[in-house]
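Q: Below are the structure tokens for one structure; questions will follow.
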Amino acid sequence: MKKTLTFLITLLVAMNSYSTELNLDYSGMLKNLKSCRKNVMGCTIAEELELAQFEGKVIDSYQLNNYLAQDTSEKKGYFIPLSLTDKELLILAASTSLGIVAFKNDQEIMDVVQRNKSQVTETLTSVGNFYGSPAFGFVAAGSYMLGIYYDNNNLKRVGIFTLAATVAQSIVVAAVKETAGRKRPPAGEGPYVFFDKGSKSFFSGHTSTAFALATVLSESFKEEYPVVPWVAYGLAAVTAYARVHGKNHWPSDVIAGAIAGHLVAKLTMNALNKNEDNRSGFQIYPSFDIETGTVYVMAEWKQKEAQRPLKCAKMPDGMLKVEACMNEALNKK
97 MKKTLTFLIT
107 LLVAMNSYST
117 ELNLDYSGML
127 KNLKSCRKNV
137 MGCTIAEELE
147 LAQFEGKVID
157 SYQLNNYLAQ
167 DTSEKKGYFI
177 PLSLTDKELL
187 ILAASTSLGI
197 VAFKNDQEIM
207 DVVQRNKSQV
217 TETLTSVGNF
227 YGSPAFGFVA
237 AGSYMLGIYY
247 DNNNLKRVGI
257 FTLAATVAQS
267 IVVAAVKETA
277 GRKRPPAGEG
287 PYVFFDKGSK
297 SFFSGHTSTA
307 FALATVLSES
317 FKEEYPVVPW
327 VAYGLAAVTA
337 YARVHGKNHW
347 PSDVIAGAIA
357 GHLVAKLTMN
367 ALNKNEDNRS
377 GFQIYPSFDI
387 ETGTVYVMAE
397 WKQKEAQRPL
407 KCAKMPDGML
417 KVEACMNEAL
427 NKK
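Just add 96 to wherever you are in the sequence shown, counting from 1, and you've got the working numbering.
Dropping the structure here:
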């Protein structure tokens with residue numbers, strides 16, 4: 097049974113789905129296809145079928161889904177949860193270690209930051225607080241509207257990812273804040289007072305929002321514009337500093353917020369990209385009332401569809417079967 101929900105929001109957001117076109121340049125085709133297994137998006141069914149042709153695999157739709165879910169040493173190029181590369185895992189481990197060190201020295205780090213305030217740091221604080229404000233995530237989602245105007249699919253996806261990641265991390269932040277109940281620095285009771293009702297220092301929502309946004313922008317534009325990750329994460333780091341500078345949070349609060357924002361954004365992007373016919377999920381449709389200037393979003397629950405084997409599965413093994421399965425999967429309604 098389908099359930100329809102109507103939401104009133106200030107920005108237009110809609111899900112744009114599209115399939116990957118076949119790359120006919122065979123000299124670079126294999127390298128390009130395998131690269132999808134190392135990024136946050138993962139591989140589409142079309143890409144896995146093309147890889148099957150090169151690797152000698154013959155897979156129907158049901159087997160393909162099982163293949164994508166495998167986590168064995170025999171599977172080539174599989175990605176681990178959240179699509180983190182080895183480099184990203186090292187960064188995560190280092191960040192976690194830094195958070196532990198900061199937690200043990202929260203008061204000392206706070207004192208150093210407060211002793212070294214200047215006009216420059218005040219300016220940085222203003223920039224950081226703006227970049228990490230909850231409203232900024234929704235403003236950035238307006239990129240979807242630019243995507244429609246310029247017919248740019250990447251901008252549309254950035255709009256969807258930004259809104260989804262912002263909402264997801266906001267839910268996580270609210271839950272953790274209520275549970276931890278850590279007192280903020282101005283309370284004057286030190287950094288280790290937890291479980292106080294109404295206290296919401298751990299962890300930093302502004303920092304989490306900033307790093308979630310930075311992750312979406314970096315993953316979306318890093319190939320075309322390599323400078324984007326440096327700028328996006330740089331601004332996110334300024335947000336983290338701003339929250340300590342203004343005594344809104346302890347240093348360990350902002351480090352935890354940075355880690356949470358990054359991971360939630362990665363998970364959200366990965367989940368949205370895999371919301372295909374073989375998964376249940378929401379299909380989002382936009383609408384606009386010209387008379388009142390009101391923007392609506394219609395969200396329809398899409399039930400998981402039953403898996404049906406491809407007809408080509410009955411063909412003898414060989415290249416003809418692989419090609420037939422590829423064509424059937426790509427043209428399947």
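Glycine included, every Cβ here is placed at the ideal spot set by N, Cα and C.
Assuming VAL324 and LEU313 form a contact by the criterion Cβ under 8 angstroms, report the distance between their Cβ atoms to the nearest whole angstrom.
A: Rounded, the Cβ-Cβ distance is 6 angstroms, consistent with contact.
Q: Can you tell me whether GLU320 is buried or exposed, with buried defined as 16 or more other CB within 10 angstroms of its CB?
A: With fewer than 16 other Cβ atoms within 10 Å, it is exposed.
Q: Using a Cβ distance threshold of 8 angstroms, determine whether the segment 359-368 contacts the segment 216-228, with at least three qualifying pairs required.
A: No, the segment 359-368 is not in contact with the segment 216-228.
Q: To which residues of the same chain is ALA260 closer than 7 angstroms at the C-beta, ignoring the five residues directly before and after it?
A: These residues qualify, in order along the chain: THR364 and LEU368.
Q: I'd like the ranges of any beta strand (DSSP E) spanning at least 3 consecutive residues and lying wholly in the segment 293-323.
A: Qualifying beta strand (DSSP E) stretches: none in this window.
Q: How long is the line joining the alpha carbons of ASP207 and THR217, rounded to whole angstroms?
A: Their backbone Cα atoms lie some 15 angstroms apart in a straight line.
Q: To the nearest angstrom, how far is the alpha carbon of ALA308 from that of GLN265?
A: Going from the Cα of ALA308 to the Cα of GLN265 covers about 8 angstroms.
Q: Considering only residues of the same chain and omitting the five flanking positions on each side of TYR337, which have a CB-CB separation below 7 angstroms?
A: These residues qualify, in order along the chain: LEU220 and GLY224.
Q: In whole angstroms, what is the alpha-carbon distance linking MET411 and ASN423?
A: In a straight line, the C-alpha of MET411 is about 14 angstroms away from that of ASN423.
Q: Per DSSP, what kind of secondary structure is HIS345 in: helix, strand or coil?
A: Three-state result, HIS345: coil.
Q: So PRO77 and ILE205 are supposed to be a Cβ contact under 8 angstroms. How far apart are they, rounded?
A: Absent from the model: residue 77. The displayed extent of the chain is 97 to 429, so no value can be given.
Q: Would you give the residue range spanned by the alpha helix (DSSP H) that VAL432 belongs to?
A: There is simply no residue 432 to check, as the chain begins at 97 and stops at 429 in what is shown.
Q: Assign ASP252 to one of two classes, buried (16 or more other C-beta atoms within 10 Å of its C-beta) or exposed (fewer than that).
A: Per the sequence shown, residue 252 should be read as Lys rather than Asp. Counting Cβ neighbours within 10 Å, LYS252 comes out buried, since at least 16 surround it.
Q: Assuming the contact rule is C-beta atoms closer than 8 angstroms, PHE290 and GLY277 should be a hit. Round their C-beta distance to whole Å, please.
A: So it is a contact: roughly 6 angstroms between Cβ atoms.
Q: Can you tell me which of THR303, ALA420 and GLU274 puts its alpha carbon nearest to the alpha carbon of ASP292?
A: Considering only alpha carbons, the answer is GLU274.
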